[in-house]
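Trainee:
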Amino acid sequence: MTTLIHDSAHRKRAMSSQAEAVGRELTRYGLVVVVGWIGLMKFTGYEAEGIRPFVANSPLTSWAYGLMSVRGFSAVLGVVEVTIALLIAARPFSPRVSALGSALAVGMFLTTLSFLVTTPGVWEPSLGGFPALSAVPGQFLIKDLALLGISLWTLGEAWRVSDQIR
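For the sequence shown, this note's numbering assigns the number 251 to the last residue and increments by one with no breaks.
If you want it as structure tokens, here you go:
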């Protein structure tokens with residue numbers, strides 16, 4: 086009887102460790118896919134126009150349209166986002182490089198979360214405004230809170246490992 090209980094507990098621990106390991110990899114490389122995919126979309130007119138209200142209404146980014154076109158700025162963002170994704174993906178080869186990518190992602194998601202405050206239409210007026218989020222842009226932006234958390238986790242994990250390698 087004791088052996089059965091011990092075997093069951095061991096199996097449960099092994100399964101939980103496997104689930105955690107898969108979750109860890111899916112978390113990191115899911116972030117890579119999301120950031121990279123969205124970055125590649127920045128090279129399209131559709132996406133350039135889609136981000137226009139966020140960029141134009143933000144004191145952090147609105148200056149960019151004075152320096153370059155909507156498409157040009159979107160392409161620059163695309164290069165930055167694809168680079169961030171590649172840096173994060175470098176974790177097996179260089180945890181330090183991956184930590185840099187994650188730190189840049191943290192900055193990127195803090196910036197996009199600031200759009201919750203600066204973009205018109207975030208709060209749904211038919212539901213009384215704050216805290217009711219509109220579908221777009223409100224719900225579109227709030228997902229970046231989870232992506233910020235994932236970026237912080239990947240930053241901390243890669244940074245810890247890079248310190249151990251020295």
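Cβ atoms here follow ideal geometry from the backbone N, Cα and C, with glycine treated the same way.
#1: State whether the segment 203–223 contacts the segment 93–112, with contact taken as three or more CB pairs (one from each stretch) at a distance under 8 Å.
#2: Quick one: what's got a C-beta closer than 7 Å to Gly124's C-beta in the same chain, skipping five residues either side?
#3: Could you say which of Thr146, Ala174, Gly135, Pro216 lies nearest to Ala243 if we only look at CA atoms?
#4: In whole angstroms, what separates the C-alpha of Gly186 from that of Leu116?
#5: Under 8 Å, with one C-beta from each stretch per pair, do the segment 204–214 and the segment 149–156 reach the 3-pair mark?
#6: Let me know the secondary structure DSSP gives Ser208 once reduced to three states.
#7: Thinking C-beta only, is Leu237 closer than 7 Å to Ala184?
Mentor: By the coordinates alone:
#1: no
#2: As a position in the sequence shown, residue 124 is number 39, starting the count at 1. Around Gly124: Gly163, Glu166, Val167, Ala170.
#3: On the sequence shown, residue 243 is found 158 positions in, with the first residue counted as 1. Nearest of Thr146, Ala174, Gly135, Pro216 to Ala243, Cα basis: Ala174.
#4: Working through the sequence shown from its first residue, we reach residue 186 at position 101. Working through the sequence shown from its first residue, we reach residue 116 at position 31. About 11 Å.
#5: no
#6: For this step, residue 208 is matched to residue 123 along the sequence shown. The question names Ser, yet the displayed sequence has Trp at residue 208. Here Trp208 sits in strand by DSSP.
#7: The sequence position of residue 184 within the sequence shown is 99, counting from 1. The sequence position of residue 237 within the sequence shown is 152, counting from 1. Against a cut-off of 7 Å, the Cβ pair of Leu237 and Ala184 comes out as no contact.
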